Every structure is written in structure tokens, then in C-alpha cells.
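S.K.: Chains as they are written, first to last, in this note's numbering: chain A, 536 to 819; chain B, 536 to 819.
Encoded as C-alpha cells, here's the structure I'll be asking about.
There are 2 protein chains.
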Amino acid sequence: MSPLVKIRSERDQMSAVERRIADFVLENAQLLRDYSSQQLANALGISQSSVVKFTQKLGFKGYPDLKYSVGEAIARADNGDAPEEATAAGDPGDTPAGQLWRRKSEAEEATRLINPPETIRAVAAAIGQAGRAGKVFIIGLGEDDIYARNFALRLSLLGILTVHNFDTARMTANVSVAGPGDVLLVFSEHGNHPALCKISRYFRERRGQVITVTRHTANPLRTLADIALLVSAHDERPYIQPLLYQSALQHLLDGVFVLLCEGHDDRHAQLLANLERIQSMLEP
Amino acid sequence: MSPLVKIRSERDQMSAVERRIADFVLENAQLLRDYSSQQLANALGISQSSVVKFTQKLGFKGYPDLKYSVGEAIARADNGDAPEEATAAGDPGDTPAGQLWRRKSEAEEATRLINPPETIRAVAAAIGQAGRAGKVFIIGLGEDDIYARNFALRLSLLGILTVHNFDTARMTANVSVAGPGDVLLVFSEHGNHPALCKISRYFRERRGQVITVTRHTANPLRTLADIALLVSAHDERPYIQPLLYQSALQHLLDGVFVLLCEGHDDRHAQLLANLERIQSMLEP
DNA sequence: AAGGTGGTCAATAATTTATGCTTCAATGGA
DNA sequence: TCCATTGAAGCATAAATTATTGACCACCTT
Numbered sequence: 536m537s538p539l540v541k542i543r544s545e546r547d548q549m550s551a552v553e554r555r556i557a558d559f560v561l562e563n564a565q566l567l568r569d570y571s572s573q574q575l576a577n578a579l580g581i582s583q584s585s586v587v588k589f590t591q592k593l594g595f596k597g598y599p600d601l602k603y604s605v606g607e608a609i610a611r612a613d614n615g616d617a618p619e620e621a622t623a624a625g626d627p628g629d630t631p632a633g634q635l636w637r638r639k640s641e642a643e644e645a646t647r648l649i650n651p652p653e654t655i656r657a658v659a660a661a662i663g664q665a666g667r668a669g670k671v672f673i674i675g676l677g678e679d680d681i682y683a684r685n686f687a688l689r690l691s692l693l694g695i696l697t698v699h700n701f702d703t704a705r706m707t708a709n710v711s712v713a714g715p716g717d718v719l720l721v722f723s724e725h726g727n728h729p730a731l732c733k734i735s736r737y738f739r740e741r742r743g744q745v746i747t748v749t750r751h752t753a754n755p756l757r758t759l760a761d762i763a764l765l766v767s768a769h770d771e772r773p774y775i776q777p778l779l780y781q782s783a784l785q786h787l788l789d790g791v792f793v794l795l796c797e798g799h800d801d802r803h804a805q806l807l808a809n810l811e812r813i814q815s816m817l818e819p
Numbered sequence: 536m537s538p539l540v541k542i543r544s545e546r547d548q549m550s551a552v553e554r555r556i557a558d559f560v561l562e563n564a565q566l567l568r569d570y571s572s573q574q575l576a577n578a579l580g581i582s583q584s585s586v587v588k589f590t591q592k593l594g595f596k597g598y599p600d601l602k603y604s605v606g607e608a609i610a611r612a613d614n615g616d617a618p619e620e621a622t623a624a625g626d627p628g629d630t631p632a633g634q635l636w637r638r639k640s641e642a643e644e645a646t647r648l649i650n651p652p653e654t655i656r657a658v659a660a661a662i663g664q665a666g667r668a669g670k671v672f673i674i675g676l677g678e679d680d681i682y683a684r685n686f687a688l689r690l691s692l693l694g695i696l697t698v699h700n701f702d703t704a705r706m707t708a709n710v711s712v713a714g715p716g717d718v719l720l721v722f723s724e725h726g727n728h729p730a731l732c733k734i735s736r737y738f739r740e741r742r743g744q745v746i747t748v749t750r751h752t753a754n755p756l757r758t759l760a761d762i763a764l765l766v767s768a769h770d771e772r773p774y775i776q777p778l779l780y781q782s783a784l785q786h787l788l789d790g791v792f793v794l795l796c797e798g799h800d801d802r803h804a805q806l807l808a809n810l811e812r813i814q815s816m817l818e819p
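Right under this line is the structure:
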């Protein structure tokens, strides 16, 4: 795995100093060749031990190991920026749209790295189970509501009963009927909305399974989850970052959705029937 | 120059010990990663200083420098002789998620090809204009409402007044206050909902500008548009197609959004202010 | 054979990396 | 609110790795 992608994917849950190291490495990967851990530390005005600990926390044997890996990544031109791409004529990489696409691609990859397939499968299984024997509660506030709504619609097309709310009051009321076998899906980018935490806690008390979808940061909501889906997406431009976030999140959810569809002929049939029904309702 | 090539080229004029080092490095370049100069010396039964001298004689700063260079060479699969094939597993192209991503990428590209940059710019300009001097109406039904809602939220964060509805009745009523300088954004995947056509037609009569977002098919709604955004996304699997459609559509809209942000410092500032305000509302 | 040359190594100096330990700040619970 | 706990960061230092020095030896030249 490319160390640069890895660094980016973990960036979210790093401390301030660690994040500075991460950024420096990401931006000056080529310089690393001539930097000792001490020099790197000096360049950032931090202690050398912080640098070493940083590398170890990322899973490298130590600083030289990271350095070596980064060297490989650069040689592969695998800066995480351009995963493949034969860079022929008409390379989309330099148009605005192409650039955006690439950034999205990075975010998606970073997100994939921090959500192992088991987790995705577990989420799909939990939702599938709840769809068969219980209810799926979905909530998100503000922008998060968009994602929640989207996913709720998808699930309902599969014949999975979903209770979707976009305010805490209603959701609180609804949750009181939850029980074992039910699933609560909480969307919260930053994961620190007290009301959502409260609802999640309450839901757990009622023996329901809580699945959270948040940024890859240390946040209170996450800690309440039975399963936590994490999103990694960064850009210094504040108008780009939400686009990346949405894209990575969407891809993550799409993965769950596909799992729910594949190998379940009944749901598949349900989906077809629903699509057809909707079609005929809108057409005439 | 690749260190491995260099080593081979100099091999002939080396002393016996140096030649043994050279051969070892050439044959076990991958092992070098975990070898210190001392370990390498032990492996060959020679002294550590010989190893260091060897590297320096070749023009490297020292042993770590050689090691780093060899690492790069391996990563490049540039071992000087046959393409060794180091790229083993890990290619995302064949995992389910990676496959989905590729399909999305294709849909996005197809969509980009049928929406020339002028169109995108025109849409951004029209919306920007309306945001300054008028109103932006947005409507979509069913799944299309999700996209409409999403975009409406984005615009409002930029300080662009948007009127978003998800039923035809309300939108019909709202539209009656539209006038020149206003813009109507209609989301409709298949573009053949009579009510939406009617609203669009009415909107045009009131001298508003109609922008449609539909599939790249011949559909009645499109023909009513001043500017038409088109989405191309296909897959024989009915549970994949919507994902592609959404992704391509999203990317298209993201392009518009980025244009609206870039080069408009006022909007940019507005966005920042709004984000901050929202943040502070959710946090405490 | 004496003197020179190049190569190797052991010893050690210099540098770089890794690890304890301490302090401090943030967090959660009684 | 206060205290215990946790974790991050730095300092000091141990450990390791790397680089240099100088001694020794083999071989070559004259």
C-alpha cells in the first residue's frame, strides 16, 4: 500500500503535530530523501521523537522504513494523486473537472482503506437482517440529511422498511419503538451532535444495533457505534472538501448497497418491481 | 541512472570483495530493504566498512543512499534486466468496489463528453446571475428530488437564494411569482413528466431561464430548456445503473458548483461564513 | 628486496534512530 | 467540581547504524 495514501487516509484522526508531519511528508515527499528524522523535526520545529513515533504509529518499522516506502511510492509515481492513468493525449487530469475527479478518486481510495471489506459486509448483513426481521432507522441533520435520505430511498426500493427522519425530535419519538433486531443508521460528518449521541445511546439500550457514518476523526458518536463507517476526504479549499466528502461517502454506501443487491434474488426482484411501478407512476 | 545498471557496469573493474557485494545486491535487491550495512557484511562474511566503501566508490553518499536508490529502482521495476514483475496483488481494478469505481469513471467521462465546458459555464453564469438579481427555482421528483435538494443546499450555502420544492403543486404555485432573471432548474432523469414540462413551459412564458438536467435521451423536457445538462450512465444491472447515474450527475453539478465558487470571493466568503455558522450551531 | 599501491578489516568516532520517562492538557466519571 | 485516566509531546539517553581512521597484508614495480 502506498504510504502516501495511507498517511492521507489516517490524517483525520491525527493530532496537530502529527498532522503537520503528515502534510509535510505529503507535500515534500521528494525532499524526504535527504532528510534525517532530526532534520525533518527541525524543519517543523518539533522533536525528533515525535517523528519516529509518527512513523511507528502508521505501522512502519521506523523512520528509515517510512522513508524507503515513500521513495518507492515516488518512483512508482504513486503519489496517490494519479493511481493509474497512462497519461496519453487528452489526459483529463489537468482540466478542472478531471482534477476534481482525481481528488475524488483519492478520497474514495483513502476511504476504502479505512473501511475493511468485513466492515462493509457487516453493515450490509445488519441492514439486510433488519430489513427482513425488523426496521431500519435512518437519521442525519443538515447536509447529512441528504445522504441519509438518499440511502433511505435506496433501501426502500429494495423492499427494506426504513424510518427516515431529519429532526431529532421525531427520531427520538420513533426510536422509542425500537427493539432487538433493529438497526439505526446515523449520518453525522463530525459526529459530535449531542442529540444524535443521545439517540444512539438510547437505541443501544433498547438492544438495537447502531451504525454510524462519520468522518475519520475521533468523535463521540463513533464510540457509540456497533459498526462505524468512516470517511476520509480532504482539501484545503472549503468549496471542494464537501464534494470530496460526499463522493467518498456515496461510494462507501454504494458498496453496501451493491452487497445488499447481489446474491439476493428476492431483493433484486423487489427492486425491479419498484422501479417499474415508479416508472409507470411518473410516465403517463 | 539506475543503481543496478551502474553496479553492473562497474562490476568488471571491481576487486573480489566488491564484486561479491555487487552480485549480492544485484541478485537480492529486494532483500536490501531489511538489511543494514552490517547485516549485508555478515551475509557475505566481510567487514561492514567494505560495504560502506563500496557504496561510496559508486558515487552514493553512503549505504542508506544506495539502499534508497535501489528501492526506487525496484519500485520502477527498473532492475536493468528483465522486467521482474513486482506489481503483485493490490490492484483495485478487480475488487467489487474498484470495479464500481471504474464504471462510475466511465459514466462520468461519457457525461463530460456530451456537456461541453461552454454549457457548464453558461449554467454557472445563469445561476450566478440569478443568485445576484433574482431567484433560483429547483425541482425534482422522487429520486430526482435527492439531487435537487442536494444542489439547492449547496447553492444556498453560497448565499444564492433558492426555492426548492419536491411536489408539482407547490412548485406550480411558486413559479407564478417568477420573472425575467430567474432560473428554473428541473431535475428529471427521464424527462417525460407532464407536470414538469408544464411548469417549465409556464416558466419560459414568464421569461425565466429553464435549465434541465436529464438523461441523454430524446425527451420532451429537454426541448423546453434554454440550457440542457445531460447525463450518460448505463449498466445492464438495474441496481448499478442508478449509482452510475447519480455519480455522473453529481460530478456534473460539482463542476457547476466549483465554477460558481472560483473567482468569486464574495461567494467564497459567504460559504465560509455559512459553514462556520452551521458548525457553531451543531457543536455546542 | 625496498618502496609503493590498493584493498581489507578492526576499532572507533559520528550520526542517526529508538525508547524511557516526565510533563502537561484534555476527557470522563464520581 | 475535582480527581483519575489517558494520550500526546518533548527531553534525555540508550541503542543502532553508518562513516572514518589507521594498521596490516598482499601484490606489484623497479
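Backbone N, C-alpha and C fix where the C-beta goes; we use that ideal spot for every residue, glycine too.
The structure displayed is predicted, hence computed values, not measured ones.
1. Can you confirm whether the segment 633-645 of chain B touches the segment 689-698 of chain B when touching is taken to mean that 3 or more C-beta pairs between the two stretches lie within less than 8 Å?
2. Would A/Ala557 pass as a contact of A/Arg568 if the rule is Cβ separation under 8 Å?
3. Of all the residues that make up the segment 585-611 of chain A, which are near chain B by a beta-carbon distance shorter than 9 Å?
4. DSSP three-state call for B/Phe722: helix, strand or coil?
5. State the Cα-Cα distance for the pair A/Glu619 and B/Gly677, rounded to the nearest angstrom.
6. With distance defined between alpha-carbon atoms, name the residue in A/Gln634, A/Glu607, A/Gly716, A/Pro652 nearest to A/Gly666.
7. Measuring CA to CA, which of A/Ala760, A/Tyr598, A/Ser582 is closest to A/Asn727?
8. With a threshold of 7 Å, establish whether the CB of B/Ala645 neighbours any heavy atom of the ligand ZN.
9. Do the segment 783-793 of chain A and the segment 768-778 of chain B meet, that is, are 3 or more Cβ pairs less than 8 Å apart?
10. A/Ser572 to A/Leu561, Cα distance in whole Å?
11. Between B/Ile734 and A/Ala763, what straight-line distance do the alpha-carbon atoms span, to the nearest angstrom?
12. Whole angstroms are fine: how far does the CA of B/Val540 sit from the CA of A/Leu693?
13. Can you give me the C-alpha to C-alpha distance between A/Leu601 and A/Phe595, rounded to a whole angstrom?
14. For the beta strand (DSSP E) containing A/Asn700, name the first residue and the last one.
15. For chain B, check one thing: does any of its Cβ atoms lie closer than 8 Å to the Cβ of A/Asp547?
16. For A/Ile681 and chain B, any beta-carbon pair shorter than 8 Å?
17. Return the residue from the list A/Gly669, A/Glu724, A/His799, A/Asp702 that minimises the CA-CA distance to A/Arg742.
18. Are the CB atoms of B/Ser525 and B/Asp679 nearer to each other than 8 Å?
19. List, in order along the chain, the chain A residues whose C-beta lies closer than 7 Å to that of B/Arg568?
20. DSSP three-state label for B/Leu693, please.
21. Using a Cβ-Cβ cut-off of 8 Å, state whether A/Arg684 counts as contacting chain B.
22. Between the segment 778-790 of chain A and chain B, which residues of the former have CB atoms less than 8 Å from a CB of the latter, in chain order?
23. For A/Asp616, which of helix, strand or coil comes out of DSSP?
24. Give me the Cα-Cα distance between A/Leu593 and B/Arg656, rounded to the nearest whole angstrom.
25. Tell me the DSSP bridge mates of A/Gln744?
26. Measuring only between beta-carbons, confirm whether B/Val793 sits less than 8 Å from chain A.
27. Could you check the C-alpha separation between B/His751 and A/Leu566 for me, to the nearest Å?
28. Could you check the C-alpha separation between B/Arg683 and A/Ala713 for me, to the nearest Å?
29. Within the 8 Å Cβ cut-off, does B/Leu764 reach chain A?
30. Applying the criterion that 16 or more other CB atoms from any shown protein chain within 10 Å of the CB defines a buried residue, is A/Ala783 buried or exposed?
M.R.: Once the coordinates are examined:
1. No: the two stretches stay apart, fewer than three of their Cβ pairs being nearer than 8 Å.
2. Counting from 1 along the first sequence, the entry for residue 557 of chain A is found at position 22. Counting from 1 along the first sequence, the entry for residue 568 of chain A is found at position 33. Not closer than 8 Å, so no.
3. Taking 9 Å as the Cβ-Cβ cut-off, the segment 585-611 of chain A approaches chain B at Lys596, Pro599, Asp600, Lys602, Tyr603, Ser604, Gly606, Glu607, Ala608, Ile609, Ala610, Arg611, given in chain order.
4. Taking the second sequence and counting its residues from 1, the one referred to as residue 722 of chain B is at position 187. DSSP places B/Phe722 in strand when its eight states are reduced to three.
5. On the first sequence, residue 619 of chain A is found 84 positions in, with the first residue counted as 1. On the second sequence, residue 677 of chain B is found 142 positions in, with the first residue counted as 1. Summary for A/Glu619: the model assigns pLDDT 37, below 50, so the residue's position carries little reliability; its value from the coordinates is reported in the next sentence. Whole-angstrom Cα-Cα distance: 37 Å.
6. Translated into the one-based positions of the first sequence, residue 666 of chain A becomes position 131. When only C-alpha atoms are compared, the closest one is A/Gly716.
7. Residue mapping note: residue 727 of chain A aligns to position 192 of the first sequence, counting from 1. Sorting A/Ala760, A/Tyr598, A/Ser582 by C-alpha distance to the C-alpha of A/Asn727 places A/Ala760 at the top.
8. As far as ligands go, the structure on display features none, and thus does not contain the ligand ZN.
9. Yes, the segment 783-793 of chain A touches the segment 768-778 of chain B.
10. The residue labelled residue 572 of chain A in the question sits at position 37 within the first sequence. The residue labelled residue 561 of chain A in the question sits at position 26 within the first sequence. A/Ser572 and A/Leu561: Cα-Cα distance of roughly 15 Å.
11. Here residue 734 of chain B is taken as the residue at index 199 of the second sequence, counted from 1. Here residue 763 of chain A is taken as the residue at index 228 of the first sequence, counted from 1. Within the model, the alpha-carbon separation for B/Ile734 versus A/Ala763 is close to 43 Å.
12. Indexing the first sequence from 1 puts residue 693 of chain A at position 158. Indexing the second sequence from 1 puts residue 540 of chain B at position 5. Linking A/Leu693 to B/Val540 through their CA atoms gives a straight-line distance of about 59 Å.
13. Here residue 601 of chain A refers to the residue found at position 66 of the first sequence. Here residue 595 of chain A refers to the residue found at position 60 of the first sequence. As the crow flies, the alpha-carbon of A/Leu601 is around 6 Å from that of A/Phe595.
14. Mapped onto the first sequence, residue 700 of chain A falls at position 165. Taken as a continuous stretch (DSSP letters only), the beta strand (DSSP E) holding A/Asn700 covers 697-700.
15. Here residue 547 of chain A refers to the residue found at position 12 of the first sequence. Not one chain B Cβ lies under 8 Å of A/Asp547.
16. What you label residue 681 of chain A is simply residue 146 of the first sequence in a count that begins at 1. Interface annotation, A/Ile681: in contact with chain B, CB-CB separation under 8 Å.
17. For this step, residue 742 of chain A is matched to residue 207 along the first sequence. Comparing C-alpha distances from A/Arg742 to each of A/Gly669, A/Glu724, A/His799, A/Asp702 shows the shortest one belongs to A/Gly669.
18. Because chain B spans 536 through 819 in this model, residue 525 of chain B falls outside it and cannot be assessed.
19. As a working mapping, residue 568 of chain B is identified with position 33 in the second sequence. Within 7 Å Cβ-Cβ: Tyr603.
20. For the purposes of this step, residue 693 of chain B is taken as the residue at position 158 of the second sequence. In this structure, B/Leu693 counts as coil in the three-state DSSP scheme.
21. Locating residue 684 of chain A in the first sequence gives position 149, where the first residue counts as 1. Output row for A/Arg684: interface = yes.
22. Of all residues in the segment 778-790 of chain A, Leu778, Gln781, Ser782, Gln785, His786, Asp789, Gly790 have a Cβ within less than 8 Å of some Cβ in chain B.
23. Along the first sequence, read from residue 1 onward, the residue named residue 616 of chain A stands at position 81. Since pLDDT at A/Asp616 reaches only 47, below the 50 mark, its modelled position is unreliable, and the value read off the structure follows with that caveat. Note: A/Asp616 maps to coil in three-state DSSP.
24. Taking the first sequence and counting its residues from 1, one reaches residue 593 of chain A at position 58. Taking the second sequence and counting its residues from 1, one reaches residue 656 of chain B at position 121. About 43 Å.
25. Position 209 of the first sequence holds residue 744 of chain A. Looking at the DSSP assignment, A/Gln744 forms a beta bridge with A/Val718.
26. Counting from 1 along the second sequence, the entry for residue 793 of chain B is found at position 258. B/Val793 counts as touching chain A.
27. Counted from its first residue, the second sequence places residue 751 of chain B at position 216. Counted from its first residue, the first sequence places residue 566 of chain A at position 31. Whole-angstrom Cα-Cα distance: 48 Å.
28. Here residue 683 of chain B corresponds to residue number 148 of the second sequence, with the count starting at 1. Here residue 713 of chain A corresponds to residue number 178 of the first sequence, with the count starting at 1. First, the amino acid is wrong: residue 683 of chain B is Ala here, not Arg. A straight-line Cα-Cα distance of about 32 Å links B/Ala683 and A/Ala713.
29. In the second sequence, counting from the first residue as 1, residue 764 of chain B sits at position 229. By this cut-off, B/Leu764 is not an interface position.
30. Residue numbering aside, residue 783 of chain A sits at position 248 when the first sequence is read from its first letter. By the C-beta density criterion, A/Ala783 is buried, having at least 16 other C-beta atoms within 10 angstroms.
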